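Okay, so the sequence shown: first residue is 2 according to our numbering, each after it adds one. Notes for the one structure printed next.
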Amino acid sequence: MKKIHISLSAISLFILCNGYAQHKELSYSVDLQSNVSTENTLPFWMVANKFGAVPNNNNGILSFGLFKDFDEKSYYNHGISYGIQTSASIADKNDIIINQLYLSFKLNKLQLDLGSKYDEIKWEGLSSSNGNFIKSTNSRAYPGYNFQLIDYVKLPFAKSWLSFKASYGDYLMNDKRFVDNTRLHHKSLYFKSKLNQKLDLIVGLDHYAQWGGTSLTTGKQPSGFKDYIKIITGKEGGSNALEGDQINALGNHVGAYLVQLDYKGEKTNWNFYWSHPFEDRSGRELTNYPDALYGLFIDFKKPEAVITHLLTEVTYTKDVSGDAPHYVDDQGVAHAASGRDEYFNNGVYRSGWTYFGDIIGTPYFTPKPEVNGITEGTILQDNRFLALNLGFKGNLKNVQYKTILSYTTYYGWFEEEYDPNPKQFSGLFEFYLPEFNQLPFNISLGAAFDTGTYRPDNFGGYIKLTKNGIF
């Protein structure tokens with residue numbers, strides 16, 4: 002019932018807003034796409050970071066979107082935007098999904114988003130995880146609200162050298178899960194310091210917490226207001242919580258620290274970022290160092306060049322705070338240890354950090370196969386890995402292109418380490434053809450491959466026809 006109420010409320014708000022904004026520019030987008038490969042599944046990068054919209058087998062997809070953006074020319078910096086995007090796929094399992102359905106209000110730098118809305122794509126779409134270890138563009142957008150500062154605000158006591166940005170939201174994970182109707186809380190806080198005229202330092206954190214809902218094995222989880230306060234503050238559960246949640250924090254917490262350096266030069270812009278995951282005290286205290294996403298992005302500031310942007314990334318998860326496991330003593334008392342962090346897994350919220358079967362964070366983690374339509378987290382054996390990513394884009398005469406190449410080594414879990422270690426080399430090449438006056442649509446082509454010992458050798462490609470316009 003909660004799912005129905007959320008959907009109806011979002012649609013009703015969309016209809017009301019539609020009438021309000023008829024005098025604004027209303028844009029539309031229609032996509033027709035076909036994806037094929039030599040195996041039963043598609044190559045890794047043809048599916049990863051597609052907002053969960055591409056089925057992992059040969060398919061055809063028809064997508065339609067209708068959007069009204071904020072009026073940037075308004076004298077008063079406020080307004081309303083909305084969007085709806087749906088897609089229908091013909092694959093091994095035919096499906097129709099709502100990709101986005103949202104309504105946004107903006108006043109100066111404050112913005113409230115209601116519904117399901119995609120995250121902004123960062124680093125020109127070259128990052129393996131959108132620059133964030135725990136939140137990529139790999140899964141669908143979940144419904145809820147998000148209140149945020151869309152730009153940094155200067156702190157009055159700091160003059161011009163320190164500013165901040167923050168967000169606060171709550172969502173419902175309305176897919177088929179081990180804990181039905183799981184709620185999701187989110188908040189973030191970032192500070193930016195201007196070191197000099199060309200160099201900025203950004204530090205902050207991103208925090209998510211799964212809570213509430215009804216488990217298939219342990220029943221209804223704490224979901225009252227007092228429990229919500231404990232979720233926000235990361236406190237342990239009360240007497241109505243399971244024993245493990247009374248010892249540790251209530252719910253399933255997933256977070257990441259961010260350190261980022263931005264350099265703006267005359268000929269190039271450089272950005273370095275470090276996204277460090279934490280799910281408990283050991284991660285918060287950096288016991289799991291050097292596990293993190295490390296990235297370097299370069300903008301050559303030459304929009305017509307052969308290479309306009311370049312990105313390199315390293316994702317490392319082999320440490321997991323050491324090998325000391327949690328254990329139960331002879332008296333049956335549970336003891337928490339700092340080691341063996343099972344990233345994106347949880348004992349109560351066993352669907353883990355997934356949504357509609359897709360990993361929410363970095364897609365190098367592999368979800369377990371569905372059982373009765375339910376995904377139970379990630380494959381533990383493949384949680385420890387080293388992944389290298391190279392991405393670049395530019396122009397070949399009149400054709401724009403984008404390339405992503407990755408090389409991953411999986412090490413296995415403690416006492417069950419791989420020998421030899423499976424390795425995977427995957428790549429994606431995309432080409433955006435120039436507009437032809439005689440054609441009423443744009444054409445993009447892509448080719449991708451997998452080779453190695455982790456996934457089967459696979460080659461695939463796609464063609465996509467896009468029609469954009471304004472009413």
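For every residue, glycine included, the Cβ atom is placed at its ideal position computed from N, Cα and C. What you are looking at is a predicted structure, and each value in this text was computed from that prediction instead of being measured.
Top-ranked residue by Cα proximity to residue i, from the options
{"i": "residue 112", "options": "162, 178, 164 and 170", "result": "170"}
{"i": "residue 406", "options": "413, 135, 129 and 40", "result": "129"}
{"i": "residue 1", "options": "434, 247 and 275", "result": "In the structure displayed, the chain extends from 2 to 472; residue 1 sits before or after that span and is not available."}
{"i": "residue 186", "options": "220, 143 and 157", "result": "143"}
{"i": "residue 309", "options": "353, 423, 402 and 369", "result": "402"}
{"i": "residue 263", "options": "359, 57, 212 and 195", "result": "195"}
{"i": "residue 161", "options": "201, 180 and 136", "result": "201"}
{"i": "residue 219", "options": "242, 197 and 342", "result": "242"}
{"i": "residue 109", "options": "90, 117, 137 and 73", "result": "73"}
{"i": "residue 116", "options": "352, 147, 95 and 107", "result": "147"}
{"i": "residue 174", "options": "188, 145 and 158", "result": "145"}
{"i": "residue 479", "options": "318, 78 and 448", "result": "No information on residue 479 is available, as it lies outside the stretch 2 to 472 that the chain covers here."}
{"i": "residue 418", "options": "352, 324 and 443", "result": "324"}
{"i": "residue 307", "options": "395, 273, 348 and 382", "result": "395"}
{"i": "residue 178", "options": "224, 448 and 372", "result": "372"}
{"i": "residue 90", "options": "107, 79, 136 and 58", "result": "58"}
{"i": "residue 212", "options": "422, 421 and 353", "result": "353"}
Separation of residue j from residue i, as counted between CA atoms
{"i": "residue 126", "j": "residue 312", "result": "10 Å"}
{"i": "residue 184", "j": "residue 254", "result": "12 Å"}
{"i": "residue 471", "j": "residue 227", "result": "48 Å"}
{"i": "residue 85", "j": "residue 97", "result": "14 Å"}
{"i": "residue 280", "j": "residue 172", "result": "19 Å"}
{"i": "residue 397", "j": "residue 289", "result": "43 Å"}
{"i": "residue 295", "j": "residue 203", "result": "15 Å"}
{"i": "residue 155", "j": "residue 192", "result": "10 Å"}
{"i": "residue 357", "j": "residue 46", "result": "18 Å"}
{"i": "residue 140", "j": "residue 304", "result": "30 Å"}
{"i": "residue 433", "j": "residue 399", "result": "9 Å"}
{"i": "residue 38", "j": "residue 450", "result": "9 Å"}
{"i": "residue 278", "j": "residue 134", "result": "7 Å"}
{"i": "residue 259", "j": "residue 208", "result": "11 Å"}
{"i": "residue 387", "j": "residue 416", "result": "19 Å"}
{"i": "residue 83", "j": "residue 229", "result": "29 Å"}
{"i": "residue 301", "j": "residue 404", "result": "16 Å"}
{"i": "residue 54", "j": "residue 374", "result": "17 Å"}
{"i": "residue 245", "j": "residue 56", "result": "36 Å"}
{"i": "residue 180", "j": "residue 247", "result": "18 Å"}
{"i": "residue 297", "j": "residue 285", "result": "24 Å"}
{"i": "residue 76", "j": "residue 114", "result": "Any reading at residue 76 must be qualified, since the residue scores a pLDDT of 45, below 50, and its modelled position is unreliable; the value itself is stated next. If you take the alpha carbons of residue 76 and residue 114, they lie about 22 Å apart."}
{"i": "residue 316", "j": "residue 256", "result": "16 Å"}
{"i": "residue 381", "j": "residue 225", "result": "32 Å"}
{"i": "residue 124", "j": "residue 314", "result": "11 Å"}
{"i": "residue 249", "j": "residue 238", "result": "8 Å"}
{"i": "residue 157", "j": "residue 198", "result": "20 Å"}
Assigned exposure category for residue i - 16 Cβ within 10 Å defines buried
{"i": "residue 431", "result": "buried"}
{"i": "residue 455", "result": "buried"}
{"i": "residue 488", "result": "The structure shown does not extend to residue 488, since the chain spans only 2 to 472, so no value can be given for it."}
{"i": "residue 459", "result": "buried"}
{"i": "residue 41", "result": "exposed"}
{"i": "residue 210", "result": "buried"}
{"i": "residue 48", "result": "buried"}
{"i": "residue 384", "result": "buried"}
{"i": "residue 321", "result": "buried"}
{"i": "residue 435", "result": "exposed"}
{"i": "residue 176", "result": "buried"}
{"i": "residue 363", "result": "buried"}
{"i": "residue 29", "result": "exposed"}
{"i": "residue 189", "result": "buried"}
Within 8 Å, strictly: CB atoms of residue i and residue j
{"i": "residue 231", "j": "residue 206", "result": "no"}
{"i": "residue 60", "j": "residue 92", "result": "yes"}
{"i": "residue 445", "j": "residue 468", "result": "no"}
{"i": "residue 389", "j": "residue 408", "result": "yes"}
{"i": "residue 105", "j": "residue 81", "result": "yes"}
{"i": "residue 344", "j": "residue 366", "result": "yes"}
{"i": "residue 100", "j": "residue 52", "result": "yes"}
{"i": "residue 222", "j": "residue 214", "result": "yes"}
{"i": "residue 63", "j": "residue 88", "result": "yes"}
{"i": "residue 360", "j": "residue 368", "result": "yes"}
{"i": "residue 36", "j": "residue 461", "result": "yes"}
{"i": "residue 346", "j": "residue 379", "result": "yes"}
{"i": "residue 27", "j": "residue 69", "result": "yes"}
{"i": "residue 283", "j": "residue 216", "result": "no"}
{"i": "residue 31", "j": "residue 65", "result": "yes"}
{"i": "residue 426", "j": "residue 410", "result": "no"}
{"i": "residue 271", "j": "residue 299", "result": "yes"}
{"i": "residue 120", "j": "residue 136", "result": "yes"}
Fill in: Validate contact between the stretch 164 to 184 and the stretch 146 to 154 using beta carbons, cut 8 Å, 3 pairs
The stretch 146 to 154 and the stretch 164 to 184 touch, with three or more beta-carbon pairs separated by less than 8 Å.
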